[in-house]
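Structure first, commentary second.
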Amino acid sequence: MPGVDSVNPGYINDFENGAELKLVVTMPKASEDQIAAVASRITSIKGSDFDGYRQSCDFVVGDELEVIRGAQLDPAQIVDDTHRLRELRTRVPRSAIQWSRDGTSSRLEVWDVEHTSDVLTAALAAVKPEPMTVYIRSAEPTKYPTWEVGVPISGEQRAAIDALLSRLVLPVYYVRIDSAKITELSAYITDTARAYGDLKSVISTVAPTKQQPLQLEWHLMVEPDNFHQFTGSLTVPSCPQDKGAPKSQAPQGNQTAEAAALQRQLQSAFTAC
């Protein structure tokens, strides 16, 4: 069909997941009308022959630009997402960008970029204010954090989160935002002697609650040992008195003794709900 460079079908049938049909349609220079026509044609050809299969269809609509779908192909939606991805490409340096939808879930991913906050701004401007996740993977996590953000989020809410992050005493390498609140945070420890005070300050600044807890992880920025590491994780607040509350997180097998002690100390400090 016009606009199509190649079509690569794939089929697997494994014991664990069952049968899967996958199509990769490469059409980086196709017009939006051509893309819509191809999506409609695929649906017509498949009919109901593969209703019992897991299905995916990957439209390559530009240089490292992909629109990925499951069994249902909505031509208008695919074209709209393609248009938005191509617009986003003009604002984002060369990197892999994927927009996947399957049923009610939607996820836009931008991989291995610097200046991730700026890329996040561009990505949020490119999408509609509909429930979805925007994921920006950092190429240099010691300089720029990876972001995973639930949409919708307003400009004012985003600015408040940026202001909060700027007040943290530790560098952050991963941030997850849900309902415009920080729900997961990963930080680098820069000085083990100050780790307890620094992590306590981070928790106090984020101010998690029982209704909006924080999953916190930390890691020494430079590890002298490839196995025994100054690392840890904590859910804050832990609410151990609640019925059905998870057990205290056990020390990790690769933690140093000092790191395990720090994790226990923080667990004891942030139990109240």
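Counting from 1 along the sequence shown, just add 15 to a position and that's the residue number in the working numbering. C-beta: ideal position from N, C-alpha, C; glycine also.
Per DSSP, residue 106 is not a residue of any alpha helix (DSSP H), being assigned neither H nor E. Between residue 251 and the set 184, 224, 54, 61, the nearest pair of CA atoms involves 224. Residue 174 holds the alpha-carbon nearest to the alpha-carbon of residue 135 among 116, 231, 98, 174. Linking residue 278 to residue 124 through their CA atoms gives a straight-line distance of about 32 Å. Here residue 243 carries a coil assignment [DSSP, helix/strand/coil]. Per DSSP, the continuous beta strand (DSSP E) segment holding residue 21 begins and ends at 21-29. In this structure, DSSP gives residue 98 a helical state, which the three-state scheme calls helix. Put simply, of 69, 89, 275 the residue whose alpha carbon is nearest the alpha carbon of residue 29 is 69.
Taking residue 108 as reference, the option from 79, 34, 268 with the minimal CA-CA separation is 79.
C-alpha of residue 37 to C-alpha of residue 284: approximately 50 Å in a straight line. Taking 3 residues as the minimum length, the beta strand (DSSP E) runs contained wholly in the segment 34-90 are 69-77, 80-84, in order along the chain. Cβ atoms of residue 172 and residue 137 stay farther apart than 8 Å, at about 17 Å. Excluding sequence positions up to five before and after residue 22, its CB lies within less than 8 Å of the CB of 38, 39, 40, 41, all in the same chain and listed in chain order.
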